[in-house]
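Worksheet: the structure to be examined is printed underneath.
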Amino acid sequence: MLRLLFVLVPAIHAQLCQPDAENAFKVRLSIRTALGDKAYVWDTNEEYLFKAMVAFSMRKVPNRETTEISHVLLCNVTQRVSFWFVVTDPSKNHTLPAVEIESAIRMNRNRINNAFFLNDQSLEFLKIPTTLAPPTDPSVPIWIIIFGVIFCIVIVAVVLLILSGIRERRRKSKEPSEADDTEDKCENTITIENGIPCDPLDTKGGHINDAFMTEDERLTPL
Amino acid sequence: MEKARPLWANSLQFVFACISYAVGLGNVWRFPYLCQMYGGGSFLVPYIIMLFVEGMPLLYLELAVGQRMRQGSIGAWRTISPYLSGVGLASVVASFFLATYYNIINAWAFWYLFHSFQDPLPWSVCPLNHNRTGYDEECEKASSTQYFWYRKTLNISPSIQDSGRVQWEPALCLVLAWLVVYLCILRGTESTGKVVYFTASLPYCVLLIYLVRGLTLHGATNGLAYMFTPKLEQLANPKAWINAATQIFFSLGLGFGSLIAFASYNQPSNNCQKHAIIVSLINSSTSIFASIVTFSIYGFKATFNYESCLDKVILLLTNSFDLEDGFLTPSNLEQVKSYLASAFPSKYSEVLPQIKNCSLQSELATAVQGTGLSFIVYTEAIKNMEVSQLWSVLYFLMLLMLGIGSMLGNTAAILTPLTDSKVISRHLPKEAISGLVCLVNCVIGLVFTMEAGNYWFDIFNDYAATLSLLLIVLVETIAVCYVYGLRRFESDLKAMTGRTLNWYWKVIWAGVSPLLIVSLFVFYLTDYILTGTLKYQAWDASQGQLVTKDYPPHALAVIGLLVASSTMCIPLVALGTFITRCFKRKGDTPPVA
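Chains A and F, in that order, are what the protein sequence lines are. Heads up, the final residue of the first sequence is numbered 222 in the UniProt record's numbering, and it's a clean run with no missing numbers. Heads up, the final residue of the second sequence is numbered 593 in the UniProt record's numbering, and it's a clean run with no missing numbers.
Below is the structure:
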C-alpha cells in the first residue's frame, strides 16, 4: 500500500507541475550574465532556497499563511537555467490560482531578487510584468534653477555695462566745459618776470593809450 | 568734431574675432558628414585645393576691402561705386536672416546644457507611459535621444502646416541666448574684443579633451578607419568638388559683411594678407580636427550599437532554445546558428524573422549632419560614456561658444552699417541700436520655438543665405576687380600696408574666383530646378521616424521671398541710384546763359 503511495505522489506532482500547466509560471535566470566571475552553480540547494522564497511570499498573502516549502513544486529545470513552478494548497491536490501567486511575487520581488544577487532582468518571471520604478520628479525641474541663475547673472552684467556706459558718456560731456574753465584760469594768472608783474595785454581788454587820445583835440575843428 | 573710429586693442583680437566667427557649427556638424559621404580621406584633396583657390583669396579680398574703406558693408561698397551699395544692403539683409535663425541653435544648446546637470541624463532613459506599465510608445519606437530631441525639446508637430503654439521653454532659452549676445556686443569692439578671446579658444580646449577621450573609447578606431580609408573613386564625382567648394565658401562666412565689419576696425597698416592666410588655415584645420573627434565618437557609438544588437540576438537564441547562459558568445554565434538551423529546423524558422542582421558597417554608414548630428548622435554617444554629465556639459559649452562666436560676427555685420550711418547714430546711442536689433531678432526668432519651428528653421538654413551669398560674393569680386579697378585697389593696398600685392592674388581675384562662383551658382540653380518640388523631412510620432513631405505653397512663397529679398537688393538699389542721379542731373543742369 505504502509503495503505491510512493509511486502515486510523484505522479500527482508531475501532473500538477508541467510546462504550460494551469497556474504554472516559468522562471528564467541569467546568472552568468549578471554576475560574471562570481556566478554560482544552480543546484538543488539553490532550488530549495527558491522554493523557500516563494513559500515566504505566499505566507504574506491573507488566508495562505500555512504555505510550506513542500507545497512549491519545481519541474523541467533546463541548462539555461529555467524551470516551471506551481504552488499547491495544503491538500496537495490543487494548485493555487495564478492571480494570487502573481500578486504575492510582485509584492516581494525585491526580496526574492536580493536572495539570489539578481535583478528584474536576470531573474525573470515570465507572465509577471515588472513594476517600473516611478520617475523621481523634483518639485522644481533642475534646469529651471540653473537657467534662473544664469539669467540673473546675465541681466545684472547687462545693466552694469549699460549704466557704466551712460556714466562715461556723462563724464565725457562734462569734460569739454571743464577744459574751458582751466583755460580762463591760465589767462588770469599774472606772469611775473624779474619780480615785475607783466600784465598780458589780452586780459586788459583794450586800454586806451593816452598818447593818442588827445590827437583829436589838438586838431582845430574846421 | 568727428568721433574716432573704435579700433581693436591689438591685432590678436582681430584674428581671434575672425577665427571665432569663421569656426562655427558648420565645422563640427557639416564637414564630417561631407567627409563621410564623399570618400573619407580622399575628400581632403578637393577641400584643400578649394581652400587655396577660393577660400584664401576671397577672404583676403573681403578683409582688404574692409580695412581700406574703414566702413561697414553698405558704406564700403558705396565708396567703391554708388551703384553697388546694393551689395552692402544685400549682405545686411542676409546677415539679418542668419542672425534670426542661428541663435535658436544657441537656445537649444542652452536647453541641453541646463539638462545635463541631472542623473541619469534625461535623454538616456525613456519616460514611463500614463499608467506606468511600460515606456512611452513614441520613445520605444524611436530611441530615447530622438524622443528627447523631437518631443521634449522641439515638441515637433507632424507637418509644417500645424504651427502649434510657442513653446515657453525654448522661448526662454532663446531670450537668454539673445541676452548673452547683447551682453557681448553692447560696447562694440571694446566688449567684443575681450569676449572673442574666450569664444575662440574654449572650443579648442574642449575639442582637445574630447580627442583624448574619443581616441581612448572602445571602438573609436573603427570609426577612424572608416573615415580615413580613402575611396579614390569619389574624386571623379563632381559633387565631391562642388561640395568642397561650397563648404569652404560658407564655412568662412564670406559675403555676409561680417569680415568687412571686423576689418574696418583695424589699423590701416595692419597686415591683412597674413591674417587672411592664418584664419583660413586655422578654419580648415579645425574642420579636420573636429572630424577626427566626430569619427572616433561615431566609431564608439557604432561599436556600442553593434554589440548591443549582437547581445540581443544572443539573448533571443538562448531563451528560445534554452541554451546554457553564457554559452553563446559573439565569436561562436555563427557556428551555433548553423548548428541550430540544422538540428531544430522548425523552431529555428520560427525565431528567424526576429533575428536582426547586425552589421558594424551599416552602423558606421549612417551619415548624419546638422542638428541631428549634434543633438541626437552625439548625445547618444555621451550617454554611454562614464561620468556622462561632465562630457555633456563640456560638449554643449563648446557648441555654445562656437555658436556665440559666429553670432558676434553676424550682429557686427548688421550693426556696423547702422552705427556708421550718421542719421541713426546721432539719435540713438550704440547700446540702444544693439538692443533694438537684438529685440527685433528675438521676437522674430520666436517663430522657431513653435511646434513647427524646426521645419521653418530648416527652410531658413537651406535657403536664406545660400544662393544670395554666391551672387553677393560674385558681384563683390567683379566690383573690386573691374568696377573699382584692380590696379587702383593694388596701389591702395600698397599705400595702406606697404606691401605689394602678389600676382597669385591678382590672378585668382580677376579670373579664377568669378568663374568658380559662376559654376557653383549654375550648379545650385540646376539642382533646384531638377529636383522639382522641394521636399522636407517631417517627424512622424506614430512611426517614430522621419518621413518626406512636400512643402505647402505658403512655405514655397516664403522660400522665394527669402532668396529674392537679398538678391534683388543689388539690382534695385543700382536702379534706384541711377534714377536719382538722372533726376539730380536734370535738376542741376544750369540754364544756358
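Glycine is no exception: its CB is placed at the ideal position from the N, C-alpha and C atoms. All values reported here derive from a predicted model rather than from experimental measurement.
Would residue i and residue j qualify as a contact pair, given that the criterion is a beta-carbon distance under 7 Å?
| i | j | result |
| --- | --- | --- |
| residue 642 of chain F | W456 of chain F | Within the shown structure, residues of chain F are numbered from 1 to 593, placing residue 642 of chain F beyond reach of any answer. |
| L59 of chain F | V573 of chain F | no |
| L217 of chain F | F300 of chain F | yes |
| A302 of chain F | L364 of chain F | yes |
| G164 of chain F | M450 of chain F | yes |
| A55 of chain A | V81 of chain A | no |
| Y463 of chain F | V563 of chain F | yes |
| G453 of chain F | W29 of chain F | no |
| Y265 of chain F | W8 of chain F | yes |
| I297 of chain F | A381 of chain F | yes |
| T577 of chain F | Y102 of chain F | no |
| S392 of chain F | S116 of chain F | yes |
| L474 of chain F | E54 of chain F | no |
| D492 of chain F | R68 of chain F | yes |
| Q234 of chain F | G39 of chain F | yes |
| F460 of chain F | A109 of chain F | no |
| D136 of chain F | C126 of chain F | yes |
| V206 of chain F | P417 of chain F | no |
List the residues of chain F that residue i touches, going by C-beta distances under 8 Å, in chain order.
| i | result |
| --- | --- |
| A24 of chain A | Under the 8 Å cutoff, chain F gives no residues; its nearest Cβ is about 16 Å from A24 of chain A. |
| A157 of chain A | L183 |
For a contact defined as C-beta to C-beta under 7 Å, what are the partners of residue i on chain F?
| i | result |
| --- | --- |
| T78 of chain A | D322 |
| F151 of chain A | L176 |
Since residue i meets chain A, which of its residues come closer than 8 Å, beta carbon to beta carbon?
| i | result |
| --- | --- |
| F117 of chain F | I142, W143, I146 |
| V336 of chain F | Here the premise fails: no neighbours, minimum Cβ distance about 14 Å. |
| L186 of chain F | V158, L161, I162, G165 |
Please classify residue i as buried or exposed, where buried requires at least 16 neighbouring CB atoms within 10 angstroms.
| i | result |
| --- | --- |
| N243 of chain F | buried |
| H554 of chain F | exposed |
| N10 of chain F | exposed |
| D325 of chain F | buried |
| D184 of chain A | Here D184 of chain A scores only 49 on pLDDT, less than 50, and its place in the model is too uncertain to base an answer on. |
| T145 of chain F | buried |
| H130 of chain F | exposed |
| W168 of chain F | exposed |
| C17 of chain A | buried |
| P90 of chain A | exposed |
| I155 of chain A | exposed |
| T199 of chain F | buried |
| A465 of chain F | buried |
| G560 of chain F | exposed |
| E175 of chain A | exposed |
| T548 of chain F | exposed |
| P138 of chain A | exposed |
| I74 of chain F | buried |
| W503 of chain F | exposed |
| S434 of chain F | buried |
| Q543 of chain F | exposed |
| G587 of chain F | exposed |
Starting from residue i, find everything on chain A with Cβ-Cβ shorter than 9 Å and list it in chain order.
| i | result |
| --- | --- |
| E431 of chain F | L161, I162, G165, I166 |
| L172 of chain F | I144, F147, F151 |
Give the interface partners of residue i over in chain A, defined as CB-CB distance under 7 Å, in chain order.
| i | result |
| --- | --- |
| D325 of chain F | S30, I31, R32, T33, R80, V81 |
| V180 of chain F | V154 |
| F114 of chain F | W143, I146, F147 |
| N384 of chain F | Per Cβ cutoff of 7 Å: no residues; N384 of chain F is ~18 Å from chain A at best. |
Applying a beta-carbon distance threshold of less than 9 Å, which residues of chain F neighbour residue i?
| i | result |
| --- | --- |
| P129 of chain A | T133, G134 |
Exercise for review: With a floor of 4 residues, list each alpha helix (DSSP H) that falls wholly inside the segment 121-172 of chain F, ordered by position along the chain.
Suggested key: Secondary structure remark: continuous alpha helix (DSSP H) runs of at least 4 residues inside the segment 121-172 of chain F, in chain order: 137-141, 144-147.
Exercise for review: Report yes or no: do three or more beta-carbon pairs, one from the segment 269-284 of chain F and one from the segment 477-497 of chain F, lie closer than 8 Å?
Suggested key: Flag = yes, the segment 269-284 of chain F and the segment 477-497 of chain F touch.
Exercise for review: Kindly confirm or deny that the segment 251-259 of chain F and the segment 412-420 of chain F touch, where touching means at least three C-beta pairs closer than 8 Å.
Suggested key: Result yes; three or more Cβ-Cβ pairs closer than 8 Å.
Point to revise | Ranges of the alpha helix (DSSP H) found wholly within the segment 428-454 of chain F, counting only runs of at least 4 | key: Those alpha helix (DSSP H) runs which fall completely within the segment 428-454 of chain F and span 4+ residues are 430-445.
Practice item. For the segment 85-149 of chain A, list the beta strand (DSSP E) runs that are entirely contained and at least 3 residues long, ordered along the chain. Key: Complete beta strand (DSSP E) runs here, min 3: 123-125.
Check your understanding: In chain order, which alpha helix (DSSP H) runs of at least 4 residues are fully inside the segment 320-380 of chain F?
Key -> Within the segment 320-380 of chain F, the complete alpha helix (DSSP H) runs of at least 4 residues are 333-343, 345-351, 360-365.
Practice item. Identify every run of the alpha helix (DSSP H) within the segment 56-120 of chain F, keeping only runs that are complete inside it and at least 4 residues long; order them along the chain. Key: Whole alpha helix (DSSP H) segments, 4+ residues: 56-69, 73-80, 85-115.
Practice item. Spell out a yes or no on whether the segment 148-163 of chain F and the segment 527-541 of chain F are touching, meaning 3 or more CB-CB pairs, one atom from each, closer than 8 Å. Key: Result yes; three or more Cβ-Cβ pairs closer than 8 Å.
Exercise for review: Indicate whether the contact test is met: 3 or more Cβ pairs, each with one atom in the segment 111-123 of chain A and one in the segment 17-31 of chain A, closer than 8 Å.
Suggested key: In short, these stretches touch, since the Cβ pair count reaches three.
Practice item. Run through the segment 6-40 of chain F for me and flag every whole alpha helix (DSSP H) of 4 or more residues, listed as ranges in chain order. Key: Within the segment 6-40 of chain F, the complete alpha helix (DSSP H) runs of at least 4 residues are 11-22, 25-29, 31-37.
**Study point:** Sufficient close CB pairs (3 or more, under 8 Å) joining the segment 174-181 of chain F to the segment 435-449 of chain F
**Key:** Inter-segment contact for the segment 174-181 of chain F and the segment 435-449 of chain F is present: three or more beta-carbon pairs are separated by less than 8 Å.
**Study point:** Unbroken stretches of the alpha helix (DSSP H), 4 residues or longer, contained in the segment 453-492 of chain F
**Key:** Within the segment 453-492 of chain F, the complete alpha helix (DSSP H) segments of 4 residues or longer fall at 453-463, 467-478, listed in chain order.
Review point. When the Cβ atoms of the segment 312-321 of chain F are set against those of the segment 338-350 of chain F, are three or more pairs found closer than 8 Å?
Key: Touching, yes, given that three or more Cβ pairs across the two stretches are closer than 8 Å.
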